[in-house]
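Numbering (this note's numbering), first residue to last: 171 to 477. Only one structure is covered here, and it is reproduced in the block below.
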Ligand code: CP
Ligand code: NVA
């Protein structure tokens, strides 16, 4: 039987996304400090492979797995025989003999898909150049806890048409919110990806005007101007300067609008200190929600939702 992978949001069902979000809220609501532990994943081990740096993804998955009673192993590709040329396909088959679930951060999305095709256990995407599905579960959870149901809300993406933007586009197919994307034309999401999302039900507009995208929006989202693997930082800084999220831009959003950023932030580049640290910022709740979201995703792929 094919394992239940979590590689992107477009291929999830709306019902599964709803169930993951509901579980994440339920787990958060049940946990003060110290958070209660459960044994629902006792006997299960998560392997985490990082080909790129991480703070949130690494720590939140590790804590999530342990609070659910499971174990973790973390390694970088360079520490493994992957770094000496062992194939992803062989690595997937070997790890499947040891662990119950694998989370991978690697830029090459096709490589991740290939790994998953050869894995006998669920594989979770911990960020590729194509998308960052775990992040957007946490982001949508944050929107729901701050503003209530997603349906009818408007989310404005401002900046680079990157992996995180693409994941909002994937989610917009399924969850009933409107997405407005403002990017420089040179950094826009691929037109075919936008067309495909629209055909699959996403309510999305794309343009180059940040003020227009943010006008009346309930949520304003920014991300780094250069993602991991991008090498044209100077060019990007020039192209993206008009897309900085600052007080003037936030003033155009709806009253009560919130600001999200997956972090790490480059303060006073894509977002000013005043917005990051201001009353509309939900970025540290968003970071915390990675933990609750990871628990829900782990339970989902291991068939333990609701347990
Ligand atoms: N937002 C996010 O994925 O952060 P890390 O790169 O620190 O994991
Ligand atoms: N878009 C960023 C997200 C980091 C969590 C990157 O890919 O580097």
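Cβ coordinates follow ideal geometry from the N, Cα and C atoms, glycine included. Just so it is clear, the structure is predicted and the values come from calculations on it, not from any experiment.
Proximity test, residue i beta-carbon vs ligand 1 heavy atom, cut-off 6 Å
| i | result |
| --- | --- |
| residue 224 | yes |
| residue 301 | no |
| residue 475 | no |
| residue 432 | yes |
| residue 183 | no |
| residue 227 | yes |
Distance between beta carbons of residue j and residue i, contact taken as under 8 Å
| i | j | result |
| --- | --- | --- |
| residue 395 | residue 436 | 7 Å |
| residue 372 | residue 349 | 7 Å |
| residue 340 | residue 301 | 6 Å |
| residue 428 | residue 450 | 6 Å |
| residue 455 | residue 312 | 5 Å |
| residue 386 | residue 418 | About 15 Å; that fails the 8 Å criterion. |
| residue 388 | residue 294 | Rounded, the Cβ-Cβ distance is 29 Å, inconsistent with contact. |
| residue 319 | residue 173 | The pair is not a contact, with the Cβ atoms about 31 Å apart (cut-off 8 Å). |
| residue 321 | residue 346 | 4 Å |
| residue 440 | residue 329 | 6 Å |
| residue 384 | residue 358 | With a Cβ gap of about 17 Å, residue 384 and residue 358 do not count as contacting. |
| residue 274 | residue 470 | Not really, about 17 Å apart at Cβ, beyond 8 Å. |
| residue 344 | residue 184 | 4 Å |
| residue 466 | residue 194 | 4 Å |
| residue 266 | residue 290 | 4 Å |
Residue of the options minimising C-alpha distance to residue i
| i | options | result |
| --- | --- | --- |
| residue 355 | 362, 347, 370 and 379 | 379 |
| residue 410 | 399, 473, 438 and 429 | 438 |
| residue 306 | 279, 326, 338 and 314 | 338 |
| residue 327 | 309, 314 and 268 | 309 |
| residue 351 | 393, 416 and 345 | 393 |
| residue 221 | 408, 381 and 299 | 299 |
| residue 234 | 357, 422, 211 and 319 | 211 |
| residue 342 | 418, 384, 187 and 464 | 187 |
| residue 468 | 204, 203, 214 and 417 | 214 |
| residue 223 | 317, 281, 244 and 216 | 244 |
| residue 227 | 472, 459 and 291 | 459 |
| residue 180 | 388, 444 and 336 | 336 |
| residue 277 | 397, 457 and 402 | 397 |
| residue 463 | 279, 174, 289 and 192 | 192 |
| residue 399 | 345, 297 and 322 | 297 |
| residue 262 | 219, 171 and 433 | 219 |
| residue 216 | 254, 184 and 472 | 472 |
| residue 248 | 241, 370, 258 and 239 | 258 |
| residue 231 | 404, 304, 264 and 382 | 304 |
| residue 200 | 183, 237 and 434 | 237 |
| residue 412 | 381, 401 and 403 | 381 |
| residue 447 | 420, 252 and 183 | 420 |
| residue 422 | 466, 314 and 390 | 390 |
| residue 198 | 434, 315, 426 and 444 | 315 |
| residue 323 | 287, 246, 374 and 196 | 374 |
| residue 497 | 270, 255, 264 and 225 | Nothing can be reported for residue 497: it is not among the residues displayed for the chain, which extend from 171 to 477. |
| residue 208 | 194, 240, 196 and 401 | 240 |
| residue 288 | 175, 182, 466 and 434 | 175 |
| residue 434 | 476, 453 and 401 | 453 |
| residue 444 | 225, 416, 426 and 461 | 416 |
| residue 317 | 426, 476, 202 and 260 | 426 |
| residue 457 | 182, 196 and 229 | 229 |
| residue 475 | 196, 272 and 171 | 196 |
Residue i Cβ short of 6 Å to ligand 2 heavy atom set
| i | result |
| --- | --- |
| residue 373 | no |
| residue 495 | An answer regarding residue 495 cannot be provided, because it is not within the stretch 171 to 477 covered by the chain. |
| residue 398 | yes |
| residue 393 | yes |
| residue 332 | yes |
Unbroken stretches of the alpha helix (DSSP H), 4 residues or longer, contained in the stretch 298-372 | 303-317, 333-342 and 361-369
Please specify which runs of the alpha helix (DSSP H), each continuous and at least 4 residues long, are wholly inside the stretch 200-271, giving them in chain order.
-> 226-237 and 258-265
Report the residue ranges of all alpha helix (DSSP H) runs contained in full by the stretch 385-422; include only those spanning at least 4 residues, in chain order.
-> 403-410 and 417-420
Which runs of the alpha helix (DSSP H), 4 residues or longer, sit entirely within the stretch 273-299?
-> 279-288
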